Amino acid sequence: MTKIKTGDTVRVMTGSTEKGKGREGKVLKIDTKKGKVLVEGINIVKRHSKPSAQNQTGGIIEKEAPIDISNVMLVHKGEPTRIGFKVVDGKKVRVAKSNGDVID
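1 is the number of the first residue of the sequence shown in my numbering; add one for each residue after it.
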């Protein structure tokens with residue numbers, strides 16, 4: 001079980017400013033086997049594509065590239081925070097380490 005889920009808002013903590021250090025975005029996809037996360041609008045790369053049936057014109061396409069999950073932190077109430085787990089009413093829930101709030 002990962003501490004970050006799809007749909008969470010995260011902040012990029014490390015890396016170059018071109019990859020998005022200090023910027024925030026919504027998690028689109030998580031690859032748990034590789035430990036990567038795809039964040040909306042962060043780490044944009046350009047790919048050259050030939051014309052095909054799906055893409056009639058071809059050309060240069062910009063899309064998000066995955067970044068390591070260890071380089072992002074969950075944003076809770078506007079501040080990045082570490083995440084822990086706690087059992088509440090028989091359910092395992094995520095807890096913000098900064099203030100102890102239950103996230104979900």
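Even for Gly, the Cβ is constructed at its ideal location relative to N, Cα and C.
Predicted model, so just to flag it, every value in this text is computed and none were measured.
Using CA coordinates, which residue listed in 97, 102, 98, 81 is at the minimum distance from residue 91? Locating residue 91 in the sequence shown gives position 91, where the first residue counts as 1. Nearest of 97, 102, 98, 81 to residue 91, Cα basis: 102.
With a threshold of 8 angstroms on Cβ separation, who are the neighbours of residue 81 within its own chain once the five nearest residues in sequence on each side are excluded? Numbered from its first residue, the sequence shown carries residue 81 at position 81. 73, 74, 75, 96, 97, 98, 99, listed in sequence order.
So if DSSP puts residue 8 in a beta bridge, which residue, or which two residues, is it bridged to? Against the sequence shown, residue 8 aligns to sequence position 8. Per DSSP, none; premise fails for residue 8.
Which full runs of the beta strand (DSSP E) of 3+ residues lie inside the stretch 18 to 61, going along the chain? List check, beta strand (DSSP E) in window: 24 to 31, 36 to 39, 44 to 49.
Specify the secondary structure class of residue 69 as computed by DSSP and reduced to three states. To locate residue 69, count along the sequence shown from 1; it is residue 69. Helix.
When you compare only the Cα positions, how much space is there between residue 87 and residue 94? Taking the sequence shown and counting its residues from 1, one reaches residue 87 at position 87. Taking the sequence shown and counting its residues from 1, one reaches residue 94 at position 94. Straight-line spacing of the CA atoms in residue 87 and residue 94 works out to 9 angstroms.
Residues bridged to residue 94 [DSSP beta-bridge criterion]: Start at 1 with the first residue of the sequence shown, and residue 94 comes out as number 94. Answer is 85.
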